[in-house]
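FYI, the numbering for the sequence shown is -32 to -1, 1 to 160, going by mature numbering (1 follows the signal peptide of the UniProt record, and there is no 0). Just so it is clear, CB atoms sit at the ideal spot from N, CA and C, and this is done for glycine as well. Since the structure is predicted, the reported quantities are computational estimates derived from the model, not experimental observations.
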Amino acid sequence: MTVTCRKFCILPILGVFAALVLLPTYSDPASAQSQPACCNDRWNPKWTQREMWGPGMMNPGQRQRMTRHWTFMHSSIPQEYRNVRNPFVQEPDVVRKGGELYRQKCSTCHGAQGMGDGEIANSLNPSPALLAYMIQMPMAVDEYLLWSISEGGKAFGTAMPAYKGQLSRSEMWKIITFMRAGFPSDTQSIKK
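Structure (structure tokens):
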């Protein structure tokens, strides 16, 4: 009796599995004629049939940003930026000063909230980085940010100026502290 129960209990599960695998997928007759049969397969959809990244797969803005990221992750950056750490914490005075410097040097391109929507952003190709999102990414470590601000984007074909001759390292760290604080417009709300 136990064997019979097991046998009959598994049959409905197998039936559901067989129905899912064997049922034909719906496809529009017009699109089915223009696409090979492999692309209508729900287990191997069309977007998996091509490479996602590679030569010619990215627009120029993506390529330049990815090149910077790839260089940081796989190649060497100048020794002066390796293993550096921001000496500042998110204290109101530091964030306030960083906000002032950001508004003077960065917001024209990157926008007040780091959304890449500054006054001249539309005239730049590639467009300015979305700092509000980038600052939250795992790769946005201190050494990457300092390297990017200091050296700019000339090596990667972007209009990002090199600030190492215009700002002190301390001022760059304050800008980074401001960005890490979330681009606050009211620095009084920053907790000590």
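- An exposed status is given to I88, since fewer than 16 other beta-carbon atoms sit within 10 Å of its beta-carbon.
- When the alpha-carbon of I143 is set against those of R36, G66, Y49, the nearest one is in G66.
- Under the DSSP assignment, E68 falls in the alpha helix (DSSP H) whose first and last residues are 60 to 73.
- A direct Cα-Cα distance of roughly 19 Å separates Y131 from F56.
- For D110, the uninterrupted alpha helix (DSSP H) run begins and ends at 110 to 119, by DSSP.
- Between V63 and T145 a beta carbon distance of about 6 Å is seen, short of the 8 Å cut, so the two are scored as contacting.
- A distance of 8 Å or more separates the beta carbons of M107 and F151.
- Rounded to the nearest angstrom, the Cβ distance from A100 to M128 is 16 Å, too far for a contact under 8 Å.
- Collapsing the DSSP output to three states places S138 in a helix.
- Going by DSSP, A100 is part of the alpha helix (DSSP H) stretching over 99 to 102.
- The beta carbon of R36 sits closer than 6 Å to the beta carbons of F124 from its chain, once the five residues preceding and following it are set aside; these are given in chain order.
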